[in-house]
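Only one structure is covered here, and it is reproduced in the block below.
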Amino acid sequence: FFVVKKMSVIDVQELVILDDDDYGQPEQIKRDPQLIEEAFDRLKASNSPDAMNELSRLSGKDKNRALMRQLGLIPILCKTLATANPPNLNEQQAAALHLLSCILQNLPSREEVRRKGGIDTIIKLLALQDEKQIGEVLLCAAYLADNTKNRTTLRSNGILEVAVPKMKQLTGVNLQNVFSLIASMSQGDKKTQDQVVKLGAIPIILDGVMSQDPGVRNAAVQAIGAVSSNNRKVQGLARKSKPALTAMVNMLRDPIADHRAQAASVIGYLTENDFSNQVAFQKIGVLDAITACLSNGNESLQVKEKCCGLLVALSNGNASVQKAFTAFPTLVACTQAPAAGVQAQSFNAISELCSNNSPNSDQFINHGVLQAIQNMLQSDNEIVQYRATNALYSIIRNNPTRRQIVLEMPNIPNILRALKGSGNPKVKQGAQWCLEE
Numbered sequence: 066f067f068v069v070k071k072m073s074v075i076d077v078q079e080l081v082i083l084d085d086d087d088y089g090q091p092e093q094i095k096r097d098p099q100l101i102e103e104a105f106d107r108l109k110a111s112n113s114p115d116a117m118n119e120l121s122r123l124s125g126k127d128k129n130r131a132l133m134r135q136l137g138l139i140p141i142l143c144k145t146l147a148t149a150n151p152p153n154l155n156e157q158q159a160a161a162l163h164l165l166s167c168i169l170q171n172l173p174s175r176e177e178v179r180r181k182g183g184i185d186t187i188i189k190l191l192a193l194q195d196e197k198q199i200g201e202v203l204l205c206a207a208y209l210a211d212n213t214k215n216r217t218t219l220r221s222n223g224i225l226e227v228a229v230p231k232m233k234q235l236t237g238v239n240l241q242n243v244f245s246l247i248a249s250m251s252q253g254d255k256k257t258q259d260q261v262v263k264l265g266a267i268p269i270i271l272d273g274v275m276s277q278d279p280g281v282r283n284a285a286v287q288a289i290g291a292v293s294s295n296n297r298k299v300q301g302l303a304r305k306s307k308p309a310l311t312a313m314v315n316m317l318r319d320p321i322a323d324h325r326a327q328a329a330s331v332i333g334y335l336t337e338n339d340f341s342n343q344v345a346f347q348k349i350g351v352l353d354a355i356t357a358c359l360s361n362g363n364e365s366l367q368v369k370e371k372c373c374g375l376l377v378a379l380s381n382g383n384a385s386v387q388k389a390f391t392a393f394p395t396l397v398a399c400t401q402a403p404a405a406g407v408q409a410q411s412f413n414a415i416s417e418l419c420s421n422n423s424p425n426s427d428q429f430i431n432h433g434v435l436q437a438i439q440n441m442l443q444s445d446n447e448i449v450q451y452r453a454t455n456a457l458y459s460i461i462r463n464n465p466t467r468r469q470i471v472l473e474m475p476n477i478p479n480i481l482r483a484l485k486g487s488g489n490p491k492v493k494q495g496a497q498w499c500l501e502e
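Under the working numbering, the residue at position 381 of the sequence shown is numbered 446, and the numbers go up by one with no gaps.
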C-alpha cells in the first residue's frame, strides 16, 4: 500500500524545508522572517561574515529588506564599513558592503544611511581597488543619490570629484552605475549639471550613448537627459556628437518599450527650447521614428505619451518641423486613446504644430480634429480639457474661416460656455480665450 500525504500549497520562496531523518516525523518549515532573525542574532553576536552573506541571500524581497532595517541592520553595516581602510577590505567589511548594496534598494534605508554618517564612508570607499567592490560602492552611491537631502550631502562631500575621474577606466556595470549616479544627482539640479560639465563628464556620457552594451547605453542616455534638462550649455555640447544623437533616435525603434519611452523623454530634454537641436534631430529622421511609434497599434500608451511630448518639444517655435510633420490622422487618433496622459499630450502637440501654421490647422480639421476636441472638452480630466481648449485656440486663432467652421458645430461653443464656469482656472481661461477668439 502507498500512503499519499496531502500537503497545502506554500510559497516555496518564503520557506526552507528541513527533512527530518526520522521517517514519519513532520517536516520542519522555516519562513524568511525566522531565518532573517536568526542570521541577525548571529550578526549581532559576532559580526559574522557568514551571517551577512545569509542576509544578502534573503534580501531579494522588499519585505525582507524592510525587516532587516527594522531589526537595526543599517547602524551595524555603517559601523563596520567606517573601520575600512582602502584600498582593501577584510572579509567582514566586504560582506557588509555587499549587503548594504542590497538593502539600499529600499527608500527608507537611504535616508537612514545618511543619518548614520554613511555617506562619508561611501565616498572614502571609492578608493578601493577591487573591481567588484568598486561596483558595489558606485551602486550604493547611485541609490543614495535618489534622495534630495542625500544628493546635497553627496555633492558637498565631493562624490562627483571622486567618481567622474574614474569613468575613463570603468566598463560594464561599473560605468553604468556612475552614469546612474550622475542621472540621479543632475535631474533638475543646475549646480550639479554645471559641475558634471566642469569635470569633463559629457564626452564620456556621449560615448556611453553609443555603447554596444545595452545597460551602459541606457544609463548613459538617462544621464545625458538629466544633465541637459533646461541646460542650454549641455544641449549645445550634445549637439556636437551626431553619432550619439543618431543612437538616441535609433532607440525609438528599440524592441523594448521602456527603452523607446526613455529615448523619447531624453530627446525631448535635448530639444526643448533649442532650435539647433530641433533641426539636428529632424535631419536624423526623428519624425519618422515618432510616427512609427504613434501609428503602431500595439505600441504601449507610455511610449505614445512620451512621443507626443517629444513632438511638443520639437515643434515649439520651429516652422521647419511643423512643415515636415505629415502624420495628421495618426495624431488625431491619439487624442482618443484610452489614457488621459496620451490624450493631453497629443492635444498639446496639435497646439504646437498649429501655432501660426494655417496649412497644419486645415489638415487637422480635414482629419477630424474638431470632433475629437468636442469629445475631450467633455472629459472628466481637467488637464485633457485644458489641452483641448489650447488646441482649438491654435487652430482658430486669427482665421475667420476656421472660426466659422467651429460655430457651425454648435456643441463646441455650448460646451465652452459651460467650461467658463469651471472650478479649474486654466480650463476656465482656455474656454474664455476660445470664445473671445
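Note that the Cβ used here is the ideal one computed from N, Cα and C, for glycine as well. Predicted model, so just to flag it, every value in this text is computed and none were measured.
Check whether the Cβ atoms of residue i and residue j sit closer than 8 Å, and answer yes or no.
i, j, result
"valine 397", "glutamine 450", "no"
"phenylalanine 359", "phenylalanine 390", "Note on identity: in this sequence residue 359 is leucine, with phenylalanine being the wrong assignment. No, the pair does not count as a contact, with Cβ atoms beyond the cut-off."
"leucine 457", "isoleucine 438", "yes"
"leucine 240", "methionine 232", "yes"
"lysine 189", "proline 151", "yes"
"glutamine 252", "serine 294", "yes"
"alanine 409", "glutamine 367", "no"
"isoleucine 267", "phenylalanine 244", "no"
"glycine 333", "leucine 375", "yes"
"glycine 16", "valine 331", "The requested residue 16 is not part of the displayed model; the chain covers only 66 to 502."
"glycine 495", "threonine 454", "yes"
"proline 114", "alanine 160", "yes"
"cysteine 499", "leucine 481", "yes"
"asparagine 363", "histidine 324", "no"
"asparagine 506", "leucine 123", "No information on residue 506 is available, as it lies outside the stretch 66 to 502 that the chain covers here."
"leucine 209", "leucine 169", "yes"
"valine 314", "valine 351", "yes"
"leucine 310", "alanine 329", "no"
With a 10 Å radius around its C-beta and 16 neighbouring C-beta atoms as the bar for buried, classify residue i as buried or exposed.
i, result
"glutamine 194", "exposed"
"valine 69", "In this predicted model, valine 69 has a pLDDT of only 43, less than 50, meaning its place in the structure is not dependable; the value taken from the coordinates is given anyway. It counts as exposed."
"leucine 172", "exposed"
"tyrosine 88", "In this prediction, tyrosine 88 scores a pLDDT of 45, lower than 50, which makes its location untrustworthy; no coordinate-derived value is stated."
"lysine 255", "exposed"
"glutamate 119", "buried"
"leucine 164", "buried"
"glycine 182", "exposed"
"asparagine 361", "exposed"
"aspartate 339", "buried"
"arginine 96", "exposed"
"arginine 297", "exposed"
"glutamine 198", "buried"
"serine 121", "buried"
"lysine 305", "exposed"
"alanine 248", "buried"
"threonine 236", "exposed"
"threonine 213", "exposed"
"glutamine 300", "buried"
"asparagine 479", "exposed"
In the structure shown, what three-state DSSP assignment does residue i receive?
i, result
"arginine 318", "coil"
"alanine 288", "helix"
"asparagine 212", "coil"
"glutamine 194", "coil"
"methionine 72", "Model confidence at methionine 72 stands at a pLDDT of 41, short of 50, so the residue's coordinates are unreliable and nothing is read from them."
"glutamine 494", "helix"
"leucine 376", "helix"
"glycine 137", "coil"
"aspartate 445", "coil"
"phenylalanine 390", "coil"
"leucine 294", "Going by the sequence as given, residue 294 is serine instead of leucine. Coil."
"glutamine 401", "coil"
"histidine 432", "coil"
"lysine 485", "coil"
"arginine 130", "helix"
"serine 462", "One detail in the question is off: residue 462 reads as arginine in this sequence, not serine. Of the three classes helix, strand and coil, the one that applies to arginine 462 here is coil, per DSSP."
"aspartate 87", "Summary for aspartate 87: the model assigns pLDDT 43, below 50, so the residue's position carries little reliability; its value from the coordinates is reported in the next sentence. The answer is coil: DSSP assigns aspartate 87 none of H, G, I, E or B."
"serine 121", "helix"
"aspartate 427", "helix"
"aspartate 278", "coil"
"glutamine 170", "coil"
"asparagine 479", "helix"
"asparagine 338", "coil"
"glutamate 103", "helix"
"lysine 305", "coil"
"asparagine 381", "coil"
"leucine 396", "helix"
"glutamine 260", "helix"
"serine 251", "helix"
Residue i bridges to which residues according to DSSP?
i, result
"asparagine 153", "Asn150"
Is residue i close to chain B? Criterion is C-beta to C-beta, closer than 8 Å.
i, result
"valine 238", "In the structure shown, chain B cannot be found, because there is only a single protein chain."
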